[in-house]
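Student: Taking full-length UniProt numbering, the leading residue of the sequence shown gets 1, the next gets one more, and so forth.
A single structure is presented below for examination.
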Amino acid sequence: MSNMTVEAAGGIVYRRRSEDDIAQDSDASRDSQNADESMPALDERHPSALDGLEVCVVHRPKYDDWSWPKGKLELNESHRHAAVREIGEETGVHVALGPRLGEIEYPLDSEGKKGKRPKAKGGVTKHVVFWMARPIGNHESAMRTAALGPVMPADIGEIDKIVWVSVRHARRLLSHAQDRDILDLFVDRVEEGAENSRTLLIVRHGKAESRKQWKGTDADRPITPRGAAAAYALNRELACFAPSRLITSPWVRCLETIEVFSWQTGLSMVPADELTEDAFAENPQAAWERFEEEIEHALNAHITTAVCMHRPVIGGIFEHLRTMCVSKSLSKQLIASSPYMPTGNAVALSIVPSDQGPRIIDIQRMAPLVY
Numbered sequence: 001m002s003n004m005t006v007e008a009a010g011g012i013v014y015r016r017r018s019e020d021d022i023a024q025d026s027d028a029s030r031d032s033q034n035a036d037e038s039m040p041a042l043d044e045r046h047p048s049a050l051d052g053l054e055v056c057v058v059h060r061p062k063y064d065d066w067s068w069p070k071g072k073l074e075l076n077e078s079h080r081h082a083a084v085r086e087i088g089e090e091t092g093v094h095v096a097l098g099p100r101l102g103e104i105e106y107p108l109d110s111e112g113k114k115g116k117r118p119k120a121k122g123g124v125t126k127h128v129v130f131w132m133a134r135p136i137g138n139h140e141s142a143m144r145t146a147a148l149g150p151v152m153p154a155d156i157g158e159i160d161k162i163v164w165v166s167v168r169h170a171r172r173l174l175s176h177a178q179d180r181d182i183l184d185l186f187v188d189r190v191e192e193g194a195e196n197s198r199t200l201l202i203v204r205h206g207k208a209e210s211r212k213q214w215k216g217t218d219a220d221r222p223i224t225p226r227g228a229a230a231a232y233a234l235n236r237e238l239a240c241f242a243p244s245r246l247i248t249s250p251w252v253r254c255l256e257t258i259e260v261f262s263w264q265t266g267l268s269m270v271p272a273d274e275l276t277e278d279a280f281a282e283n284p285q286a287a288w289e290r291f292e293e294e295i296e297h298a299l300n301a302h303i304t305t306a307v308c309m310h311r312p313v314i315g316g317i318f319e320h321l322r323t324m325c326v327s328k329s330l331s332k333q334l335i336a337s338s339p340y341m342p343t344g345n346a347v348a349l350s351i352v353p354s355d356q357g358p359r360i361i362d363i364q365r366m367a368p369l370v371y
């Protein structure tokens with residue numbers, strides 16, 4: 001049999017518990033501290049970071065195992081979108097994605113089998129990508145429905161139990177070693193401050209009409225039909241982060257790129273004159289200061305913001321953002337050469353507050369799936 005890969009995605013959904021729940025969980029943990037000495041309790045290792053957090057684990061009756069909510073990609077679907085959809089279907093919880101956690105891979109015929117980490121030996125392999133995912137309210141979920149698409153409850157034969165447990169209990173409850181590996185990555189993210197991270201989306205406008213062929217002003221130059229298709233398809237990716245604020249250059253090609261998402265969600269487009277190409281050429285510092293205001297607003301208001309801009313403006317903003325990255329390898333993901341990112345694409349920045357100012361802990365590049 002030729003090698004094949006089944007693509008899937010999921011995530012760790014997390015929330016903060018009440019003080020009463022924390023006290024009860026501490027008592028239960030003391031009673032069961034000797035339950036499995038081979039599995040160290042992660043929240044003993046990182047008490048300040050994990051105290052009060054609980055994560056969502058699901059039971060699959062077909063395999064009689066406990067795992068993270070996840071599932072296979074549908075036709076013409078990204079891993080990111082599949083993660084949001086599958087989490088919603090299996091847990092009933094509407095979520096917005098945060099930082100990416102990592103990925104696992106195993107032979108498909110080992111699905112549900114407990115024991116050591118299975119190794120791929122040819123044949124059909126399952127590849128699963130995981131994200132951090134925070135619950136969002138019904139109003140936020142309803143706002144993005146037209147952009148995200150439907151999320152239908154999973155059949156009870158697929159998922160029959162859903163529990164929220166502490167990180168300590170999740171480690172003991174999870175049936176598979178690779179799921180515990182993903183839990184370790186979640187703990188590392190929490191240690192980075194990811195629980196308090198906010199997402200800022202940078203969108204490059206869709207492909208525009210050629211400057212040489214366009215007879216009007218540059219500010220009025222529209223996107224092409226192909227650019228419109230990419231902008232529409234990108235909405236499904238943006239919706240995975242549930243943005244609640246839309247900022248855009250007031251030039252037509254940026255307005256047209258984000259206009260349908262605005263219509264789908266009911267969110268107003270807020271024009272930022274400092275982010276046009278002409279304004280940036282005249283005063284790049286003012287453009288950065290305007291963008292910096294949106295970073296601060298996203299962190300202070302606890303919201304996700306999408307900003308639609310032009311190629312040269314993105315290049316100038318990237319220069320500042322690279323200095324905010326927590327590592328040099330992460331900063332390299334903000335391309336230093338033009339065109340910085342393709343038209344109709346976006347990047348998602350996970351930003352955390354710190355004593356040194358806002359810091360970027362994760363960068364995700366997004367491309368629309370036009371089919």
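Beta carbons: idealized from backbone N, C-alpha and C, even for Gly.
Just the Cα atoms here: how many angstroms apart are Val-313 and Asp-65?
Tutor: Answer to the nearest angstrom: the Cα atoms are 50 Å apart.
Student: DSSP on Pro-135, reduced to helix/strand/coil?
Tutor: Looking at Pro-135 - three-state DSSP - the assignment turns out to be strand.
Student: Under the rule that 16 or more other beta-carbon atoms within 10 Å means buried, what is Ser-249, buried or exposed?
Tutor: Its Cβ being crowded by 16 or more others within 10 Å, Ser-249 is buried.
Student: Taking only runs that begin and end inside the stretch 309-348, name each unbroken alpha helix (DSSP H) of 4 or more residues, in chain order.
Tutor: Here the runs fully enclosed are 311-322, 328-331.
Student: Pull up the DSSP beta-bridge partners for Asp-362, would you.
Tutor: Asp-362 pairs with Ser-350.
Student: Need the endpoints of the beta strand (DSSP E) that Val-6 sits in, please.
Tutor: Where Val-6 is concerned, the enclosing beta strand (DSSP E) stretches over 4-16.
Student: Taking the alpha-carbon of Pro-69 as reference, which of Gly-123, Leu-174, Ser-78, Asp-109 has the nearest alpha-carbon?
Tutor: Ranking the options by Cα distance to Pro-69, first place goes to Leu-174.
Student: With 16 other CB atoms within 10 Å as the buried threshold, where does Trp-288 fall?
Tutor: With 16 or more other Cβ atoms within 10 Å, it is buried.
Student: So the candidates are Lys-113, Gln-264, Ser-110; which of them puts its Cα closest to the Cα of Thr-145?
Tutor: Out of Lys-113, Gln-264, Ser-110, Gln-264 has the C-alpha closest to the C-alpha of Thr-145.
Student: Between which two residues does the alpha helix (DSSP H) carrying His-79 extend?
Tutor: Start and end: 79-91.
Student: So that I know if they touch, is there some Cβ in chain B lying closer than 8 Å to that of Glu-292?
Tutor: Included in the structure is just one protein chain, with no chain B present.
Student: Give the straight-line distance between the Cα atoms of His-302 and Pro-353, rounded to the nearest whole angstrom.
Tutor: The alpha-carbon atoms of His-302 and Pro-353 are separated by roughly 11 Å.
Student: How far does the alpha helix (DSSP H) with Ser-262 in it extend, from its first residue to its last?
Tutor: Residues 252-265.
Student: Distance, Cα to Cα, Gly-164 vs Glu-256?
Tutor: Checking the displayed sequence, the identity of residue 164 turns out to be Trp instead of Gly. Each residue's alpha carbon lies about 42 Å from the other.
Student: Among Gly-98, Pro-99, His-176, Arg-172, which has the Cα closest to the Cα of Gly-112?
Tutor: The candidate whose alpha carbon is nearest that of Gly-112 is His-176.
Student: Relative to the C-alpha of Glu-292, which residue among Pro-342, Ile-335, Arg-359 is closest?
Tutor: It is Arg-359.
Student: Looking only at its own chain, which residues have a Cβ that is under 6 Å from the Cβ of Glu-7, when we skip the five neighbours before and after it?
Tutor: So the qualifying residues of the chain are Leu-73, His-127.
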